[in-house]
Amino acid sequence: MERALLVTIRLKSEKGSLPLEDVASELEELSRACAVSVVDNVTCIAEKPTPNFFIGKGKTEELAAISQEEDIDTLIFSHDLSGTQQRNLEEVIGTKTIDRTQLILDIFARHARSPEGKMQVELAQLQYLLPRLVGKGVMLSRLGGGIGTRGPGEQKLEVDRRRIRKRIERLKEDLRHLSLHRLTLRKKRKENALPEAVLVGYTNAGKSTLLNALTQAGAAVSSVPFTTLDPLSKSLQLANGENIILSDTVGFLHNLPHHLIEAFKATLEEVTEADLLIHVLDISSARAHEQARAVFRVLEELGAQDKPLITALNKIDLLEDKTWLAKSKEDFANPVAISAKLKENLDSLLSKIQENFAQRMLNAEILVAHKRMDLVDLFYRQGKVKEIKYLQNGMRIKLSLPKILYQKLLHNKEIS
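Residue numbering for the sequence shown follows my numbering, beginning at 203 and increasing consecutively.
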């Protein structure tokens, strides 16, 4: 197991961000998700990043001393480092140095299961690597400017860059094809009048646990961040008989790097196309408000901040003092307090979901020919059949069903 030294930095220019101790705690959580042994977490406050080391020379030498004394294998920084900063730190400290984005990408790589998930991780990794790519022989091969001085090290570097750019374009094209395939599936859902609710939230807020509790999806559940990378969709029937699609998505994070959002936009399309967002929030966390703000920053970046939203205040079973829960509800939009793990108060959540989609349903009484039992089956699947009377000229059915489906059947003269 790698022995890691964490370096948590607060820049004075960073306003409105998490407290330093919370950033340090989150970095430890992410590091342990990569199965490393955290030896220590050094914190520091800096005026601004330095071009050479990000931190000051004195702090760099202090880290070098700790690394040597504690036999450190890896340094993990809380901020993104440039290629130059990374190389300089490794040169002075003599230890592999990575930043927060590399750490997150490593967790993503561990949890990617589907071909699409693996492609998205590879794309993000290559986009991160490209500007940091340096050939080890470049400085030795470039003796001077002008013709005849272009050495083999630089030639290999350019070949590597071309290969990476080519691979990036190929991955983007493959992901575009997959995106078109999902678009086709969504169109079919829309044609069948199936609305979609999507679970969003901070990583480890309990989204997968809630999906399992509502749909028996059997999704993998873990306290490790980013267990869910690939969207998982399941059918859910509400009390009024309406069927909806409920989808789980990748968890969000404080200061989630922009290019990671870009790489995972194919997956996050589920959020942008949703009819309803269910924001799953760990209300037992001391950082609940900060986590909620982080989620909304990502939603704004995706252009999904104005969608209808329910806030599921999850993990109430972990609250020692529930008296302040009523006050907390005032801070969040359309709240309902639940415990996904203990399946507590899920009926209230389902009622709120049903209320959101209520205007999509109508009550009707229709006549269907005896030979159209396929329509009766459709009504049971996508609506709620209240009564069937068998008459000489057909079946008289009282039911509740989606308006879109009713209008489609009426237009095609399937019913009367």
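Even glycine gets a Cβ: it sits at the ideal position worked out from N, Cα and C.
Taking the straight line between their C-alpha atoms, what separation do you get for Tyr404 and Asn442? In a straight line, the C-alpha of Tyr404 is about 31 Å away from that of Asn442.
In three-state terms, what does DSSP make of Thr210? Looking at Thr210 - three-state DSSP - the assignment turns out to be strand.
Alpha carbon of Gln493 to alpha carbon of Asp273, nearest angstrom: Rounded to the nearest angstrom, the two C-alpha atoms are 35 Å apart.
Under a three-way DSSP split, which group does Val587 fall into? It is a strand residue.
With DSSP as the reference, identify every bridge partner of Arg499, one or two as the case may be. Arg499 pairs with nothing; no bridge assigned.
For Asp376, collect the residues of the same chain with a Cβ closer than 8 Å to its Cβ; drop the 5 residues on either side in sequence, then sort them by chain order. Once the five neighbours on either side are set aside, the close Cβ partners of Asp376 are Met321.
Can we say the region 298 to 305 touches the region 267 to 286, given the rule of at least three CB pairs closer than 8 Å? Yes, since at least three Cβ pairs between the region 298 to 305 and the region 267 to 286 fall closer than 8 Å, the two stretches touch.
Considering only C-alpha positions, which residue in the set Leu479, Ile518, Ala490 is nearest to Asp508? It is Leu479 whose Cα lies nearest to the Cα of Asp508.
Name the two residues that bound the continuous alpha helix (DSSP H) containing Asp533. Careful: Asp533 lies outside any alpha helix (DSSP H) and carries neither H nor E.
For Val402, count neighbouring Cβ atoms within 10 angstroms of its own Cβ and tell me buried if that reaches 16, exposed if not. By the neighbour-count rule (16 or more Cβ atoms within 10 Å), Val402 is buried.
Since Leu413 and Ala421 should fall inside the 8 Å C-beta cutoff, what is the C-beta to C-beta distance between them, to a whole number of angstroms? Ala421 and Leu413 do touch by the CB rule: their CB atoms are close to 5 Å apart, below 8 Å.
My output table needs one value for His481: the three-state DSSP class, helix, strand or coil. In the three-state reduction of the DSSP assignment, His481 falls in the strand class, which pools E and B.
Under a three-way DSSP split, which group does Arg378 fall into? Arg378 sits in a helix when the DSSP states are folded into three classes.
How big is the Cα-Cα spacing for Lys390 and Thr411? Straight-line Cα distance between these residues: approximately 28 Å.
Within the continuous beta strand (DSSP E) that includes Ile606, where are the two ends? Unbroken run through Ile606 is the alpha helix (DSSP H), 605 to 613; no beta strand (DSSP E).
By the 10 Å Cβ neighbour count, where 16 or more other Cβ atoms means buried, how is Ser269 classified, buried or exposed? The residue in question, Ser269, is buried, as its Cβ has 16 or more Cβ neighbours within 10 Å.
Let me confirm a value: Pro221 is counted as buried when at least 16 other C-beta atoms fall within 10 Å, else exposed. Which label applies? Counting Cβ neighbours within 10 Å, Pro221 comes out exposed, since fewer than 16 surround it.
Is it a yes or a no for the region 442 to 456 touching the region 487 to 501, going by three-plus beta-carbon pairs under 8 Å? Yes, since at least three Cβ pairs between the region 442 to 456 and the region 487 to 501 fall closer than 8 Å, the two stretches touch.
Entirely enclosed alpha helix (DSSP H) segments - the region 229 to 270, minimum 4 residues: Runs found: none.
Classify Ile211 as buried or exposed, calling it buried when 16 or more other Cβ atoms lie within 10 Å of its own Cβ. Classified as buried, Ile211 has 16 or more neighbouring CB atoms from the shown chains inside 10 Å of its CB.
For a test of the three-state rule: what should DSSP assign to Ile627, helix, strand or coil? Any answer about residue 627 is impossible in this case: the structure gives the chain only from 203 up to 618.
Contacts around Ser618, its chain only, beta-carbon distance under 6 Å, and the 5 residues preceding and following it disregarded: Correct list, in chain order: Leu569.
Would Leu207 and Val244 qualify as a contact pair, given that the criterion is a beta-carbon distance under 8 Å? Taking C-beta atoms as the reference points, Leu207 and Val244 count as a pair closer than 8 Å.
May I ask you to report which of helix, strand or coil DSSP gives Ala476? Per DSSP, reduced to three states, the secondary structure at Ala476 is coil, with no helix or strand assignment.
Should Val400 be labelled buried (16 or more other beta-carbon atoms within 10 Å of its own) or exposed? Buried, because 16 or more other Cβ atoms sit within 10 Å of the Cβ of Val400.
Taking Ile555 as the reference, which of Ala314, Glu546, Asn254, Ala514 has the closest Cα? That would be Ala514, whose Cα lies nearest to the Cα of Ile555.
Cα separation between Leu548 and Asp308? The straight-line gap separating the alpha-carbon atoms of Leu548 and Asp308 is approximately 35 Å.
Thinking just about the alpha-carbon of each residue, which of Val225, Cys236, Lys214 is nearest to the one in Met203? From the listed residues Val225, Cys236, Lys214, the smallest Cα separation to Met203 is found for Cys236.
So Val294 and Thr252 are in contact, right, with Cβ under 8 Å, and what is the actual spacing, rounded? Not really, about 13 Å apart at Cβ, beyond 8 Å.
Could you compute how far the alpha carbon of Gln584 sits from the alpha carbon of Thr417? About 16 Å.
Can you tell me which of the three DSSP states Ser618 falls into? Coil, per DSSP.
Expected contact under 8 Å - CB spacing of Ala566 and Leu601 to nearest Å: So it is a contact: roughly 6 Å between Cβ atoms.
Helix, strand or coil for Arg598, going by three-state DSSP, please let me know. Of the three classes helix, strand and coil, the one that applies to Arg598 here is strand, per DSSP.
Can you tell me whether His313 is buried or exposed, with buried defined as 16 or more other CB within 10 angstroms of its CB? Buried, because 16 or more other Cβ atoms sit within 10 Å of the Cβ of His313.
Decide if Ser553 is buried, meaning its Cβ has at least 16 other Cβ atoms within 10 Å, or exposed. Exposed, by the Cβ-count rule.
Sorted by chain position, which residues of the same chain lie with C-beta nearer than 6 Å to Val323's C-beta, five sequence neighbours on each side aside? These residues qualify, in order along the chain: Phe310, Ala311, Ala314.
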